[in-house]
Structures are given as structure tokens and as C-alpha cells.
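K.L.:
The structure under discussion is supplied below as C-alpha cells; questions concerning it will follow.
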Ligand SMILES: C[S@@+](CC[C@H](N)C(=O)[O-])C[C@H]1O[C@@H](n2cnc3c(N)ncnc32)[C@H](O)[C@@H]1O
């Protein structure tokens, strides 16, 4: 990527200007790692992918510490992929493990179909897992039978989702389901009290898509690649008025470049520019959420070794 001196000067000057306005928000990026990966007790009789599981555990525990689950809330995992974060939260919110452990023992002693239990042994809540991709449910959805939730897969673009979508889908279920976002028109609408949107490594453009949802009470989004963001969808264009936001998004990829090698002056500068561009874009998101009445924060939920993208943006009404 070519970067000329004028672009560098403009970016560094803008960073200094914006830093001076909200140093406390930029300083959030100086905080230490707080990796809350203490294992969540569960009746699931399988080992989960350790790396993803630890990251999801830390995100779930941070949100719990912020009080996200103190009151009953409907949960939507945006860009859920395999649904690892949703499953981890489902485990965290399942206190009555013995019911599932007993059922597992019963099934294992009386059936040839081992290590799985019926989905409907208790009335459960729905956890909504939204993703563009189909066919991701085979990895983690089957483990929801060991939690107090059913996995309700909504296939489609997050841009087509809103509080009404979830209310429309919020019907009593006996088991996991997969539905197409566009196919819900005639279903009954059931009101929900509280809506929480979570995401792990949610692509940048998708982050901007969900942050503008109306009627969301809480967001817990582990941010991901900014490089693929769409400047048109960015939530706070006003904040970065006059800047080439698409260029800034692209520049962010330099924060992860070059690995652990010793850097020359040019590489050091690019890395710095990438990180500064990223901070400005994320502080713009924080300010946008604040303007909508949220209390907002950022935590470093894992180390850079654990994941190149280690920041959790949380917001609460
Ligand atoms: C980097 S992956 C992360 C997946 C999973 N959350 C994880 O941590 O393993 C991002 C996911 O977001 C989904 N995604 C991206 N943009 C989306 C959109 N506009 N609507 C729905 N899903 C989207 C992708 O299909 C992909 O599965």
C-alpha cells in the first residue's frame, strides 16, 4: 500500500487533535490484558477448541461482570460462525447442571446413542445465532441440549435484522431451529423485555451494521478486522469528517503486520499509523454509542498472543 507524506501528516495531526478532545477514551487502549478464562462449569461431555473457548469464556465473563445477565435478556450472537460465544454464554447462564448431568448418565446407561441428550427436557429460552453462512450449526449447536437455551439459527445478512425480527421469532420452541431471516413475515410477534447483541470477531462492517440497531439494551462486541470495513456504513462519519475513512480502515491492517521481528523505521511508522487509525475509528464508535445514551467501555479480554484482535467493546443502557 502506498502512503505519501501528506497522508501521514494529516493522520497524525488528526489523531493529536482528537486525542486532545477525549484523552480518556484513547487511553483505554493503554490498559492491561484482563484474561478471564476460568473454565465455566458445564455438563457437555466433549472437549471444546481450547483457544476459541478461552477467548469466548473471557468475553462472557467480562460481560457478566458488567452486569449484562443480571436481568433476563434475549441474546443475539451476530456473525456467530459456529456459535462458540453463544454456547459459552449459554453455559454460563445454565446453573442447574445436575439436571443435564443426570439425563446424560441416564441416556448413557440405557441407549446406544451415547453422549447426547434430548433437547426438550426443560422449557428453554432461545439464543439467536445470526450469520450469512449456512452449514455452521454442526459444530456447536448440538451442545445447546446441555444448556437452558435452544440455538435458533437465523441465516442471512445482519442488515436485515432488528428488534422486530427477534420479537417475531420469539416463539416457544422445543428444539434448535434454523430459519431464513427473510422467511418470517407471518409469524406471531412476541414482545421481549431486553435485547443483548454479542459478537466475537465480528467483521468491521458487520459491527457498524449492528451498532445502529434500534431497541438494543446492551452490546458486547469483540471487535475484528477493520480493514474490511465499509466507510459508507461507518457509524460516526461526522467524527472523522474530512478524513479518508476507507484509507483509514485499510491502514488498520498494519497494526498486525511484521510479527515479532525487529522493525525498521518505516515498519514502525506503519504499525503506529495502523494502530492510531484503529483507535480513532473505535473511539468514533464509542462516541456514537454514548450519543445514543449508552454507558460504554472497552476491555482487553485476551493477550495479543492469544488473538491479534483482543478488544471487547461493551455498551449498556
Ligand atoms: C471472523 S468470523 C467470526 C465467527 C465467530 N464469531 C468466531 O468468533 O469464530 C465473522 C463471521 O461474521 C459473519 N458475517 C460477516 N458479515 C456479516 C453480515 N453482514 N451478516 C451476517 N453475518 C456476517 C461471517 O459469515 C463470519 O461467519
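Residue numbers (UniProt numbering): 1 to 317.
Virtual Cβ for every residue (Gly too), placed ideally from N, Cα, C.
Please read all numbers here as calculations on a predicted model, not as lab measurements.
#1: Can you grab the Cα-Cα spacing for the pair residue 98 / residue 77, in whole Å?
#2: Under a Cβ-count criterion, where at least 16 other Cβ atoms within 10 Å of its own Cβ denotes burial, should residue 68 be classed as buried or exposed?
#3: What distance in whole Å lies between the Cβ atoms of residue 278 and residue 226, which are believed to be in contact at a cut-off of 8 Å?
#4: Under 5 Å from any heavy atom of ligand 1, by CB: list those residues in chain order, please.
#5: For residue 243 and residue 7, I'd like the C-alpha separation in whole angstroms.
#6: Would you tell me roughly how many angstroms separate the C-alpha atoms of residue 125 and residue 246, rounded to the nearest one?
#7: Does the count of Cβ pairs from the segment 7–20 and the segment 53–66 closer than 8 Å reach three?
#8: DSSP state of residue 284, grouped into three classes?
#9: Could you round the C-beta distance between residue 195 and residue 295 to whole angstroms and report it? I think they count as a contact, below 8 Å.
#10: Is there a C-beta anywhere in chain E that falls below 9 Å from the one on residue 298?
#11: Looking only at its own chain, which residues have a Cβ that is under 6 Å from the Cβ of residue 270, when we skip the five neighbours before and after it?
#12: Do you know how far the Cα of residue 288 is from the Cα of residue 70?
#13: Hey, could you find the ends of the alpha helix (DSSP H) residue 248 is sitting in?
#14: Going by C-alpha distance, which of 250, 204, 176 and 140 is nearest residue 44?
#15: For residue 315, write down the residues that DSSP places opposite it in a beta bridge.
#16: DSSP three-state call for residue 169: helix, strand or coil?
#17: What's the C-alpha gap between residue 116 and residue 145?
#18: List, from N- to C-terminal side, the beta strand (DSSP E) runs of 3 residues or more that fit wholly inside the segment 60–86.
#19: Roughly how many angstroms lie between the CA atoms of residue 81 and residue 181, to the nearest whole one?
#20: Which two residues bound the contiguous alpha helix (DSSP H) that contains residue 108?
#21: Secondary structure at residue 201, three-state DSSP: helix, strand or coil?
#22: Relative to the C-alpha of residue 318, which candidate in 94, 285, 18 and 256 has its C-alpha closest?
#23: Mapping DSSP to helix, strand and coil, what is residue 150?
#24: Would you mind working out which of 21, 47, 29 and 130 sits nearest residue 272, comparing C-alpha positions?
#25: Give me the residue from 266, 239, 303 and 276 with the minimum Cα distance to residue 290.
#26: Please check the pair residue 128 and residue 92, which I expect to be a contact at CB under 8 Å, by giving their CB distance rounded to whole angstroms.
P.N.:
According to the structure data:
#1: 26 Å
#2: buried
#3: 6 Å
#4: 79, 81, 131, 132, 133, 157, 158, 200, 201, 203 and 206
#5: 10 Å
#6: 40 Å
#7: no
#8: helix
#9: Contact flag wrong, Cβ pair sits at about 16 Å.
#10: Going by chain labels, chain E is absent from the structure shown, which holds only one protein chain.
#11: 254
#12: 25 Å
#13: 245–251
#14: 140
#15: 219 and 296
#16: helix
#17: 8 Å
#18: 74–78
#19: 16 Å
#20: 97–110
#21: strand
#22: Since the first and last residues shown for the chain are 1 and 317, residue 318 lies out of range.
#23: strand
#24: 29
#25: 239
#26: About 17 Å; that fails the 8 Å criterion.
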